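Remarks on the structure that follows.
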Amino acid sequence: YDGVIAVGAIKKNDKRWGKSTYGSHLSLVAPGKKIWTTHFKFNATTCNTVTNKYEKVKGTSFAAPHVAGAVALILSRNPGLTPAQVKNILESTATEVDDMDNTVPHDEYGYGLLNVEDALNAVPAIPNNLNITGVTYSSPTPVNLIAANTITAGPAVHVNPSADVTYRAGVRVHLKPGF
958 YDGVIAVGAI KKNDKRWGKS TYGSHLSLVA PGKKIWTTHF KFNATTCNTV
1008 TNKYEKVKGT SFAAPHVAGA VALILSRNPG LTPAQVKNIL ESTATEVDDM
1058 DNTVPHDEYG YGLLNVEDAL NAVPAIPNNL NITGVTYSSP TPVNLIAANT
1108 ITAGPAVHVN PSADVTYRAG VRVHLKPGF
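First residue of the sequence shown: 958, per this note's numbering; consecutive thereafter.
Quick look at the structure:
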């Protein structure tokens, strides 16, 4: 599906965890075995805590949050990115693991191991100012126009009623006559 990021789990040695998802739909992999997490067990009968400790866990359920965190960091740098753009950034910056043998995408590893640093470095910067003229927006596909300071639109900018256009500016949106 467009915009869906399928995540597999790998072990410490960069090998696929045996129960991890795999196939041509896989986008990338992230650590998914021996992941430290909190383990809290409560006894409802006695209203006491039975265990309250850290525990190592495994699975794609623990690999996927690594990728979700990377997505949040990417969108914090540029909230105007579409799901497809975020997916492309993650896939294009993933680090190839040895078992991939230069096969990208790979059925067991997708585009490779999540590389948060490279992904963040690949995020396009938000312009300080955005000037828009001579454009017609008519598609129902969302368009996000984002600038750190000012968006100036017009003249000859038309937004049809069926269009889905969002303007976000840090300081102001300035619509000139003829917009």
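Beta carbons are placed, not taken as given, at the ideal position from N, Cα and C, and that holds for glycine.
A quick note: this is a predicted structure, and the numbers were derived from the prediction, not measured.
Item: Per-residue DSSP class, three states only, for residue 982; Value: coil
Item: Where residue 1053 sits in the DSSP three-state scheme; Value: coil
Item: Distance, residue 970 Cα to residue 1081 Cα; Value: 32 Å
Item: Rounded straight-line distance, which links the Cα of residue 1063 to that of residue 1016; Value: 19 Å
Item: Among 1104, 1025, 1118, nearest to residue 986 - alpha-carbon criterion; Value: 1025
Item: Simplified DSSP state of residue 1072, which is helix, strand or coil; Value: coil
Item: Whole runs of the beta strand (DSSP E) within the region 992-1024, excluding any shorter than 3 residues; Value: 1005-1015
Item: Reduced DSSP secondary structure (H/G/I, E/B, other) of residue 1101; Value: strand
Item: Simplified DSSP state of residue 1028, which is helix, strand or coil; Value: helix
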